[in-house]
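Trainee: Dumping the structure here so I can ask a few things about it.
Protein chains: 2
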Amino acid sequence: MKRVTLRDVARMADTSMMTVSRVINDSPGVSKDTRERIMQIIVELGYKPNKDARSLRSGKTGRLGVLVFDIRNPFYAEMIGEIEDLANDRGLTVIVTDTNRSHQKEEKALNLLEETGVDSVVVAPEGYEFKHLERASNSGLTVVSFGVHFPRGDIYEVWIDDHEGGRKAGEHLRKQGVTKVALVMDNPRKATTVGRTEGFLEGFCSAGESQVFNLQLDWRVAYETVKKMQTLPEAFFCHNDMMAIGVLRALRERRVKVGDEVLVIGFDDVFFAEATNLSTLRIPVRDMVGATFEILSGKKSGKIRYVPELILRGSA
Amino acid sequence: MKRVTLRDVARMADTSMMTVSRVINDSPGVSKDTRERIMQIIVELGYKPNKDARSLRSGKTGRLGVLVFDIRNPFYAEMIGEIEDLANDRGLTVIVTDTNRSHQKEEKALNLLEETGVDSVVVAPEGYEFKHLERASNSGLTVVSFGVHFPRGDIYEVWIDDHEGGRKAGEHLRKQGVTKVALVMDNPRKATTVGRTEGFLEGFCSAGESQVFNLQLDWRVAYETVKKMQTLPEAFFCHNDMMAIGVLRALRERRVKVGDEVLVIGFDDVFFAEATNLSTLRIPVRDMVGATFEILSGKKSGKIRYVPELILRGSA
DNA sequence: TTGTACGCGTTATCAA
DNA sequence: TTGATAACGCGTACAA
Numbered sequence: 132m133k134r135v136t137l138r139d140v141a142r143m144a145d146t147s148m149m150t151v152s153r154v155i156n157d158s159p160g161v162s163k164d165t166r167e168r169i170m171q172i173i174v175e176l177g178y179k180p181n182k183d184a185r186s187l188r189s190g191k192t193g194r195l196g197v198l199v200f201d202i203r204n205p206f207y208a209e210m211i212g213e214i215e216d217l218a219n220d221r222g223l224t225v226i227v228t229d230t231n232r233s234h235q236k237e238e239k240a241l242n243l244l245e246e247t248g249v250d251s252v253v254v255a256p257e258g259y260e261f262k263h264l265e266r267a268s269n270s271g272l273t274v275v276s277f278g279v280h281f282p283r284g285d286i287y288e289v290w291i292d293d294h295e296g297g298r299k300a301g302e303h304l305r306k307q308g309v310t311k312v313a314l315v316m317d318n319p320r321k322a323t324t325v326g327r328t329e330g331f332l333e334g335f336c337s338a339g340e341s342q343v344f345n346l347q348l349d350w351r352v353a354y355e356t357v358k359k360m361q362t363l364p365e366a367f368f369c370h371n372d373m374m375a376i377g378v379l380r381a382l383r384e385r386r387v388k389v390g391d392e393v394l395v396i397g398f399d400d401v402f403f404a405e406a407t408n409l410s411t412l413r414i415p416v417r418d419m420v421g422a423t424f425e426i427l428s429g430k431k432s433g434k435i436r437y438v439p440e441l442i443l444r445g446s447a
Numbered sequence: 132m133k134r135v136t137l138r139d140v141a142r143m144a145d146t147s148m149m150t151v152s153r154v155i156n157d158s159p160g161v162s163k164d165t166r167e168r169i170m171q172i173i174v175e176l177g178y179k180p181n182k183d184a185r186s187l188r189s190g191k192t193g194r195l196g197v198l199v200f201d202i203r204n205p206f207y208a209e210m211i212g213e214i215e216d217l218a219n220d221r222g223l224t225v226i227v228t229d230t231n232r233s234h235q236k237e238e239k240a241l242n243l244l245e246e247t248g249v250d251s252v253v254v255a256p257e258g259y260e261f262k263h264l265e266r267a268s269n270s271g272l273t274v275v276s277f278g279v280h281f282p283r284g285d286i287y288e289v290w291i292d293d294h295e296g297g298r299k300a301g302e303h304l305r306k307q308g309v310t311k312v313a314l315v316m317d318n319p320r321k322a323t324t325v326g327r328t329e330g331f332l333e334g335f336c337s338a339g340e341s342q343v344f345n346l347q348l349d350w351r352v353a354y355e356t357v358k359k360m361q362t363l364p365e366a367f368f369c370h371n372d373m374m375a376i377g378v379l380r381a382l383r384e385r386r387v388k389v390g391d392e393v394l395v396i397g398f399d400d401v402f403f404a405e406a407t408n409l410s411t412l413r414i415p416v417r418d419m420v421g422a423t424f425e426i427l428s429g430k431k432s433g434k435i436r437y438v439p440e441l442i443l444r445g446s447a
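Protein chains in written order, with our numbering: chain A, 132 to 447; chain B, 132 to 447.
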């Protein structure tokens, strides 16, 4: 099963490799006759251009790297799905890497992608450091930070305004008359956590008592934490829907009526938020991926901001 | 920012490209001195081998293609996550494509992967046709079907015994005294659907009345179907956990006590099954991915079978 | 409109 | 132990 090459096609068509090359690239300068004849032979032989040779020659890889923070979180799966759709339309190959919630792995994976060879990288970063992103960007890669905002970082971004999202949640709970609230958040070193927490407290106006938990980003941890709480607050604001689902489970086991006795708000609006009737802050993934590709294609640049929308369902 | 090549390193080290090549490949035949000297220069210059050139030269791409049926379903996200882990250990690059529940797209994506160039493909197929898999396999690619069994297909498989899984569910419900059950299944043309349905009916022993719905694989559709049902059965057996979550939502809105008045069993055991207390048939994704890599590395071959385990939680 | 020659970065082969 | 040369498959520059 030897691979069919340009040379084989040329030989078969009794012409030069160059002419065949022109045909497969739709370049001008080939007569209709020759073009058709060659086309036929290409189909006959089942010729497929070798992309590695092309990349080697052209310097462009036609590959797009995607680094996600946690592929098991449906938010990122959704993001990948949307990216794939657009990438496919543009004939790009998508290389996905799960950084598994580890900053160290994020750096490693980024290096690996550079070695593998990609034209650009979309990163949903851990959100603490950004030096590695800048470095990659400086070394000639187009880098887009997806979701996370680094005000002092010099990289492209399609970011979500965490502060504003938090504010909306806080404001809503205050208006609902909530006075005692618990925040089930991620690591406080991250920009995301700080934004959501501070935004919330601003919107909540210190109207009452608030307690902040900074936990590992894992629904099970959230579950166990709430399960063990001595006294429950009147509401929970969760770092994302995954954490929220853990909280919901704990509340269910404690036989608390969610949306009535205790309110819960998540963040992201993944599919199971709707399916489990969870109020949450919607991140417009699809639009954001669209913007990402506009950056990749050079139509836009800089830092593009999106604001989450508060989606009210049964839980709050 | 020109790329540093082997030639640059060789020039700098005042030696030949070949020697440098030997160093970066840990090949024998280089003196300790030269090796160390070259190593140092490699670090100094920040040299990274160009994988495209390597692939071109060696014929091996170091790339693994993964085709999943629906990346938004956490089952597949989990599968990808596990594959990534093992691929990383082996220095493989993973190229993921979501076939978006479309057989047509599955075929297209497979072709695309062949053009992109991969050494092997793991495909979680739609599960109706398998000709395209055989074709790809015959053209020199290592193809592994993940999850789906094609008894008459001549391709490697790491498959899950749907029939046995269904049987376990049916048997359990029968023993619970259920007599009226509804099956919320996928397209009946698929091997998976047939296996789960027939297995269930066998285990259920036609002990009572059963009604089969063949729906589009979408939690929303499942939700709407159950929402509209005139009379409810005593139990639901769902094609997967995604469908089950739709059923659960409908039941909740109908104010039915799940696990008490109506039982529900899913399939897959994704993370939200545990979080929402859903009984289900667990597919050992991690083990299966391990087996997949044993096939890829040539340590195993043929068709490797796994049996789902019935995980009982509150819903049944 | 068509063809020739060279180079992209690497490795296999063979010779020194 | 080291190096020269060719080749992997393709595209660009230039010539015909």
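For every residue, glycine included, the Cβ atom is placed at its ideal position computed from N, Cα and C.
Going straight from the alpha carbon of residue 268/B to that of residue 425/A, what length do you get?
Mentor: In the second sequence, residue 268/B corresponds to position 137, counting from 1. In the first sequence, residue 425/A corresponds to position 294, counting from 1. Computed Cα separation, rounded: 37 Å.
Trainee: If residue 183/B and residue 248/A are in contact, beta carbons under 8 Å, what's the gap, nearest whole angstrom?
Mentor: Taking the second sequence and counting its residues from 1, one reaches residue 183/B at position 52. Taking the first sequence and counting its residues from 1, one reaches residue 248/A at position 117. Yes, they are in contact, since the Cβ atoms of residue 183/B and residue 248/A sit about 6 Å apart, within 8 Å.
Trainee: Please classify residue 175/A: is it buried, with 16 or more other beta-carbons within 10 angstroms of its beta-carbon, or exposed?
Mentor: For this step, residue 175/A is matched to residue 44 along the first sequence. Residue 175/A is classed as exposed because its beta carbon has fewer than 16 other beta carbons within 10 Å across all chains shown.
Trainee: With DSSP collapsed to three states, give me the class of residue 299/B.
Mentor: Taking the first residue of the second sequence as 1, we reach residue 299/B at position 168. In this structure, residue 299/B counts as helix in the three-state DSSP scheme.
Trainee: Can you give the beta carbon distance from residue 372/A to residue 418/A, rounded, assuming they're within the 8 Å contact cut?
Mentor: Along the first sequence, one-based indexing puts residue 372/A at 241. Along the first sequence, one-based indexing puts residue 418/A at 287. With 8 Å as the limit, residue 372/A and residue 418/A do not qualify as a contact, their Cβ atoms being about 18 Å apart.
Trainee: Are residue 290/B and residue 303/B closer than 8 Å when you measure CB to CB?
Mentor: The residue labelled residue 290/B in the question sits at position 159 within the second sequence. The residue labelled residue 303/B in the question sits at position 172 within the second sequence. Taking the C-beta atoms as reference points, residue 303/B is found no nearer than 8 Å to residue 290/B.
Trainee: Locate the beta strand (DSSP E) running through residue 149/A, then write down its first and last residues.
Mentor: As a working mapping, residue 149/A is identified with position 18 in the first sequence. Taken as a continuous stretch (DSSP letters only), residue 149/A belongs to no beta strand (DSSP E), being part of the alpha helix (DSSP H) at 148 to 155.
Trainee: Pick from 322/B, 363/B, 351/B and 355/B: whose alpha carbon is nearest that of residue 341/B?
Mentor: Here residue 341/B corresponds to residue number 210 of the second sequence, with the count starting at 1. The candidate whose alpha carbon is nearest that of residue 341/B is 363/B.
Trainee: Since residue 285/B contacts residue 436/B with CB under 8 Å, what's their CB separation in whole angstroms?
Mentor: Numbered from its first residue, the second sequence carries residue 285/B at position 154. Numbered from its first residue, the second sequence carries residue 436/B at position 305. That belief does not hold up - the Cβ atoms of residue 285/B and residue 436/B are roughly 17 Å apart, past 8 Å.
Trainee: Quickly, what does DSSP pair residue 314/A with across the bridge? List them, please.
Mentor: The count along the first sequence starts at 1 and reaches residue 314/A at position 183. Beta-bridge pairing links residue 314/A to 343/A and 368/A.
Trainee: What separation, rounded to the nearest whole angstrom, lies between the Cα atoms of residue 276/A and residue 134/B?
Mentor: Within the first sequence, residue 276/A is the residue found at index 145, counting from 1. Within the second sequence, residue 134/B is the residue found at index 3, counting from 1. The alpha-carbon atoms of residue 276/A and residue 134/B are separated by roughly 24 Å.
Trainee: Could you tell me whether the Cβ atoms of residue 398/B and residue 411/B are closer together than 8 Å?
Mentor: The count along the second sequence starts at 1 and reaches residue 398/B at position 267. The count along the second sequence starts at 1 and reaches residue 411/B at position 280. Yes.
Trainee: Are there 16 or more other CB atoms within 10 angstroms of the CB of residue 319/B, so buried, or fewer, so exposed?
Mentor: In the second sequence, counting from the first residue as 1, residue 319/B sits at position 188. So residue 319/B counts as exposed.
Trainee: When the cut-off is 8 Å and only beta carbons count, does residue 406/B lie next to chain A?
Mentor: Translated into the one-based positions of the second sequence, residue 406/B becomes position 275. Closer than 8 Å to some Cβ of chain A, the Cβ of residue 406/B qualifies, so yes.
Trainee: Taking 6 Å as the limit between beta carbons, can you name the residues of its chain near residue 254/A, skipping five residues before and five after?
Mentor: Here residue 254/A is taken as the residue at index 123 of the first sequence, counted from 1. Excluding positions up to five away in sequence, the list reads 198 and 276.
Trainee: Going by DSSP, what residue range makes up the beta strand (DSSP E) through residue 194/B?
Mentor: Position 63 of the second sequence, counted from the start, is the residue given in the question as residue 194/B. Run containing residue 194/B: 194 to 199, per the beta strand (DSSP E) assignment.
Trainee: Along the beta strand (DSSP E) that carries residue 394/A, what are the first and last residues, could you check?
Mentor: Walking along the first sequence from the start, residue 394/A turns up at place 263. Run containing residue 394/A: 394 to 399, per the beta strand (DSSP E) assignment.
Trainee: Suppose the cutoff is 8 Å on Cβ atoms and the five residues either side in sequence are ignored; what does the same chain contact list for residue 260/A look like?
Mentor: Mapped onto the first sequence, residue 260/A falls at position 129. Within the same chain, residue 260/A has close Cβ partners 234.
Trainee: Let me confirm a value: residue 283/A is counted as buried when at least 16 other C-beta atoms fall within 10 Å, else exposed. Which label applies?
Mentor: Taking the first sequence and counting its residues from 1, the one referred to as residue 283/A is at position 152. It counts as exposed.
Trainee: Just grab the DSSP bridge partners of residue 429/B for me.
Mentor: For this step, residue 429/B is matched to residue 298 along the second sequence. Partner(s): none; residue 429/B has no beta bridge.
Trainee: Looking at the C-beta of residue 208/B, does it have a partner C-beta in chain A at a distance below 8 Å?
Mentor: As a first step, residue 208/B is located in the second sequence; it is residue number 77 there, counting from the start. Chain A, which has a Cβ nearer than 8 Å to the Cβ of residue 208/B, makes this yes.
Trainee: Following the continuous beta strand (DSSP E) through residue 441/B, name the residue where it begins and the one where it ends.
Mentor: The count along the second sequence starts at 1 and reaches residue 441/B at position 310. 440 to 442 is the span of the beta strand (DSSP E), which, as asked, contains residue 441/B.
Trainee: Strictly under 8 Å for the Cβ-Cβ distance: is residue 183/B near chain A by that measure?
Mentor: One-based indexing of the second sequence puts residue 183/B at position 52. So, interface residue.
Trainee: How many angstroms separate the CA atom of residue 368/A from the CA atom of residue 202/B?
Mentor: Numbered from 1 along the first sequence, position 237 holds the residue referred to as residue 368/A. Numbered from 1 along the second sequence, position 71 holds the residue referred to as residue 202/B. If I take the Cα positions, the gap works out to 28 Å.
Trainee: Out of 257/B, 245/B, 145/B and 297/B, state which residue places its alpha-carbon closest to the alpha-carbon of residue 273/B.
Mentor: Locating residue 273/B in the second sequence gives position 142, where the first residue counts as 1. Taking only the C-alpha atoms, the option nearest residue 273/B is 245/B.
Trainee: Does the separation of the CB atoms of residue 359/B and residue 258/B fall below 8 Å?
Mentor: Within the second sequence, residue 359/B is the residue found at index 228, counting from 1. Within the second sequence, residue 258/B is the residue found at index 127, counting from 1. In this structure, residue 258/B does not lie closer than 8 Å to residue 359/B by Cβ.
Trainee: Please name the residue, chosen from 307/A, 325/A and 200/A, that lies closest to residue 296/A on a Cα-to-Cα basis.
Mentor: The residue you call residue 296/A lines up with position 165 of the first sequence. Considering only alpha carbons, the answer is 325/A.
Trainee: Give the DSSP-derived three-state secondary structure of residue 175/A in the structure shown.
Mentor: Taking the first residue of the first sequence as position 1, residue 175/A is located at position 44. DSSP places residue 175/A in helix when its eight states are reduced to three.
Trainee: When DSSP builds the beta bridges, which residues end up paired with residue 292/A?
Mentor: Indexing the first sequence from 1 puts residue 292/A at position 161. Note: residue 292/A sits in no beta bridge, so no partner.
Trainee: Which runs of the alpha helix (DSSP H) at least 4 residues long sit entirely within the stretch 216 to 279 of chain B? Give them in chain order.
Mentor: 234 to 247 and 262 to 269
Trainee: Just how far apart, CA to CA, sit residue 206/B and residue 323/B?
Mentor: Taking the second sequence and counting its residues from 1, the one referred to as residue 206/B is at position 75. Taking the second sequence and counting its residues from 1, the one referred to as residue 323/B is at position 192. Distance between the alpha carbons of residue 206/B and residue 323/B is about 15 Å.
Trainee: When the cut-off is 8 Å and only beta carbons count, does residue 265/B lie next to chain A?
Mentor: For the purposes of this step, residue 265/B is identified with residue 134 of the second sequence, where counting begins at 1. By this cut-off, residue 265/B is not an interface position.
Trainee: Is the CB-CB distance between residue 375/B and residue 395/B below 8 Å?
Mentor: Counted from its first residue, the second sequence places residue 375/B at position 244. Counted from its first residue, the second sequence places residue 395/B at position 264. Yes, the Cβ-Cβ distance between residue 375/B and residue 395/B is below 8 Å.
Trainee: With DSSP as the reference, label residue 186/B as helix, strand or coil.
Mentor: Counting from one through the second sequence, the residue named residue 186/B turns up at place 55. DSSP places residue 186/B in helix when its eight states are reduced to three.
Trainee: If you measure between the beta carbons of residue 446/B and residue 408/B, is that distance less than 8 Å?
Mentor: For this step, residue 446/B is matched to residue 315 along the second sequence. For this step, residue 408/B is matched to residue 277 along the second sequence. Against a cut-off of 8 Å, the Cβ pair of residue 408/B and residue 446/B comes out as a contact.
Trainee: Might you give, ordered along the chain, the residues of its own chain that have their beta carbon closer than 6 Å to the beta carbon of residue 339/B, omitting 5 neighbours on each side?
Mentor: On the second sequence, position 208 is the one that residue 339/B refers to. Residues 310 and 311 of the same chain have their beta carbon placed closer than 6 Å to that of residue 339/B, with the five preceding and five following residues left out of the count.
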